[in-house]
Amino acid sequence: MIPIEYFLALGAILFIIGAYGVLTKRNAIVVLMSIELMLNAANINFVAFSSFYGDVRGQIFALFSIAVAAAEVAVGLAILLALSKTRDTINLDEISLLRW
Numbered sequence: 055m056i057p058i059e060y061f062l063a064l065g066a067i068l069f070i071i072g073a074y075g076v077l078t079k080r081n082a083i084v085v086l087m088s089i090e091l092m093l094n095a096a097n098i099n100f101v102a103f104s105s106f107y108g109d110v111r112g113q114i115f116a117l118f119s120i121a122v123a124a125a126e127v128a129v130g131l132a133i134l135l136a137l138s139k140t141r142d143t144i145n146l147d148e149i150s151l152l153r154w
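Counting with the working numbering, you get residues 55 to 154 for the letters of the sequence shown.
What follows is the structure in structure tokens.
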């Protein structure tokens, strides 16, 4: 059996890579992929603790988190598609719809 520390380290590394992508990248699709990476890192931790404690609640929570992440991606890509049609860019620095 693989120790839980390995799963927690994997989750932490994936979360750090995702946070780096959100904070440094300007392409909206890359930012959405980085957010998904962070959510998957949290799901790995949920499933690891669920397996460690012999409880199913962490796996159920990870399943709901995956469903919410799929809905978030669908809405995010729809917004990006609408922005790319009106502004011809998906660069986050150039999008300023809420400014006057």
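Quick reminder that beta carbons are idealized off the backbone N, C-alpha and C, glycines included.
Contact under 8 angstroms by Cβ, residue i with residue j
{"i": "R141", "j": "I133", "result": "no"}
{"i": "L117", "j": "N94", "result": "no"}
{"i": "I70", "j": "A102", "result": "no"}
{"i": "V76", "j": "L146", "result": "no"}
{"i": "L64", "j": "I98", "result": "yes"}
Element boundaries [alpha helix (DSSP H), containing residue i]
{"i": "L85", "result": "With the sequence shown as reference, residue 85 is identified as Val, and Leu is not the correct amino acid for it. Residues 82–107."}
{"i": "K139", "result": "111–141"}
{"i": "L64", "result": "58–78"}
Rounded separation between residue i and residue j - CA only
{"i": "A73", "j": "R80", "result": "13 angstroms"}
{"i": "F100", "j": "I83", "result": "26 angstroms"}
{"i": "F106", "j": "L137", "result": "44 angstroms"}
{"i": "S104", "j": "Q113", "result": "6 angstroms"}
{"i": "L131", "j": "A96", "result": "22 angstroms"}
{"i": "F115", "j": "V122", "result": "11 angstroms"}
Any non-hydrogen atom of the ligand FMN within 7 angstroms of residue i CB
{"i": "S119", "result": "Only the bare structure without any ligand can be found here, which leaves the ligand FMN out of the picture."}
Within-8 angstroms CB hit, residue i to chain B
{"i": "I98", "result": "Included in the structure is just one protein chain, with no chain B present."}
Should the region 115–128 be regarded as contacting the region 80–94, the criterion being three or more beta carbon pairs within less than 8 angstroms? yes
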